Amino acid sequence: MIREIKHSIIAAAITSLVIAVAASCCHGETPRSWRVKVAYTHVVASSKDEPDYYLNRDLYMQQLPGGEPVRLTDWARHPLLDKYVGAPHWSPDGRYILFMGSLKGHKVAMPQNDWPSYPWIIDVRTKKLRLIGQTKDRWYVNVAWLPNQQAIVACVVYGKKPQFGYHSEIESNIVMSGGKTRLVVIDVKTGKERIIVRNYNPGRFFVMPKDRKLILYDWDSDRLTLFDLSRGKWHTLRKSAPLDAAAISPDSKRFAFHNKGVVRVYTFQSRKTRVLYNARDPYSVGRRLIWSPDGKWLVLWHTSGDIISMDPPVVDTTSYITLIDALAGKSRLLLEDSKDIPIGWTGDSKNILLKRGEKADGVFPYDAKTVLTAYPISTASAELSPVEIVGQQDGIDT
């Protein structure tokens, strides 16, 4: 798994929402009981002096609010799984979790101290764990489920010791040397790999929730391409569409993307693009863009700021969470300079799920707790309903 250099790669670039029971909210009232099932990686260490403290991780599941954490993996006891586990993705039916995990005996010394990691699938009921795909001289950068759950899409780097760099703010990596990047589809049952794109460096892919289609984004040209997996055909959507955050609508009919303070939406049927939101801020960087389950809303997490004249220079940024009406094109600022980060929605599209990290009084110096909040969009003055997951977290999916 590639560790970030400038900004954190949000392992959940491409998320699969599985909400158990929807929440609801009335004006000025606390949202009624909301339930959500989360999968997350939790730091597990026997001593704060361990040199690989940050890499001792396992996968957990928890029903919120009120549920107890359930440990799904135990790398110390597994014959193949090693101590890095991250980037969980729920399957569309909620029965399986796709995640990235390192492999015992496959450690490679890198300038960035990176460990090669590979896609694994676990059955949350039986805790049966399977390694997916091939492992020899391969580095998996991004993975995602296809809607039918019979295959996954993966960005794979072939090479013994590739050198990585980073491009812009979105989840993507550039292979500087020593490797070749391919976009592949891997059959879940057989592990067979089929190459879709042979030269995919750098690039980003988005999976349509309801169709066997992908949207491919090329960094060099800013080109958006639609690829039909079933028919094996390509179609250019836009020759130039620069973006730093993007998402496909739940009905697979629209594609929203952000760049320099502007959110645009492309409609596949009409092949037209319109502006939904304009912050008139060329320094705005989109960190995350998430559709509501009903397709009526978009929540945008973005930052803006200036470079302070220091040696070395640092960036003084302010974060914003903005709610956008995807139908009317209206927007409303929800939070400014907040530590909260949007990670999803409740099933009725009335509450945004936010996460925030806080210091905890634990045994280790970096112990923390993650606070999840159902933020009602009907009014900014409603009392929130936070719940906590104790322990240092990395990678969370609802």
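According to the numbering used here, the sequence shown holds residues 104 to 501 in order. Here a beta-carbon is modelled for each residue, glycine too, at the ideal position from N, C-alpha and C. Computed from a predicted structure; not experimentally measured.
* Asked: Sorted by chain position, which residues of the same chain lie with C-beta nearer than 8 Å to Lys375's C-beta, five sequence neighbours on each side aside?
  -> Cβ within range, chain order: Tyr369.
* Asked: Taking contact to mean at least 3 C-beta pairs separated by less than 8 Å, is the stretch 446-461 in contact with the stretch 388-396?
  -> yes
* In this structure, what does DSSP give as the bridge partners for Gln165? -> Val141
* For Leu480, the three-state DSSP class (helix, strand or coil) -> The sequence shown places Ile at residue 480, rather than the Leu named in the question. Residue state, collapsed to three classes: coil.
* If you draw a straight line from the alpha carbon of Thr176 to that of Ser452, how long is it in whole angstroms? -> 32 Å
* Going by C-alpha distance, which of Thr425, Pro219, Met164 is nearest Lys239? -> Pro219
* Inter-residue spacing [alpha-carbon to alpha-carbon] between Ser343 and Val287 -> 24 Å
* Where does Asp177 fall in DSSP's three states? -> It is coil, neither helix nor strand.
* In three-state terms, what does DSSP make of Thr293? -> Reduced to three states, the DSSP call for Thr293 is coil.
* Cβ of Tyr478 within 8 Å of Cβ of Ile455? -> yes
* Other residues of its chain near Leu184: CB distance less than 6 Å, five sequence neighbours each side excluded -> Correct list, in chain order: Trp178, Gly204.
* **Residues sharing a beta bridge with Pro195, DSSP** => None, per the DSSP bridge assignment.
* Reference His405, options Gly432, Pro195, Asp354, Ala348, closest by Cα -> Ala348
* From the DSSP output, which residues share a beta bridge with Met311? -> According to DSSP, Met311 bridges with nothing at all.
* **Residue of Pro250, Thr420, Arg459, Glu439 minimising C-alpha distance to Ser333** => Pro250
* To do: Within the same chain, show all residues whose beta-carbon is closer than 6 Å to that of Val173, passing over the 5 residues directly before and after it, in chain order.
  => Closer than 6 Å at the Cβ level, and outside the excluded window around Val173, lie Met164.
* To do: Tell me whether the beta-carbon of Ile200 lies closer than 8 Å to the beta-carbon of Leu162.
  => Contact annotation: Ile200 and Leu162 have beta-carbon atoms nearer than 8 Å.
* Would you decide whether Ala142 is buried or exposed? Buried here means 16 or more other CB atoms lie within 10 Å of its CB. => buried
* Ile299 and Gly236 closer than 8 Å at C-beta -> Not a contact, by the Cβ cut-off of 8 Å.
* Grab me the residues of Ala436's own chain with a C-beta within less than 7 Å of its C-beta, minus the 5 sequence neighbours each way, in chain order. => The amino acid occupying residue 436 in the given sequence is Leu; Ala does not appear at that position. For Leu436, where only same-chain residues beyond five positions count, the Cβ hits under 7 Å are Tyr423, Thr425.
* **Residue interval of the beta strand (DSSP E) (run including Ser220)** => 220-226
* Asked: So what does DSSP say about Thr420, is it helix, strand or coil?
  -> strand
* What are the boundary residues of the beta strand (DSSP E) that includes Asp321? -> 316-321
* Got a sec? Which residues, its chain only, sit under 6 Å from Leu438 by beta carbon, not counting five neighbours each side? -> Ile424
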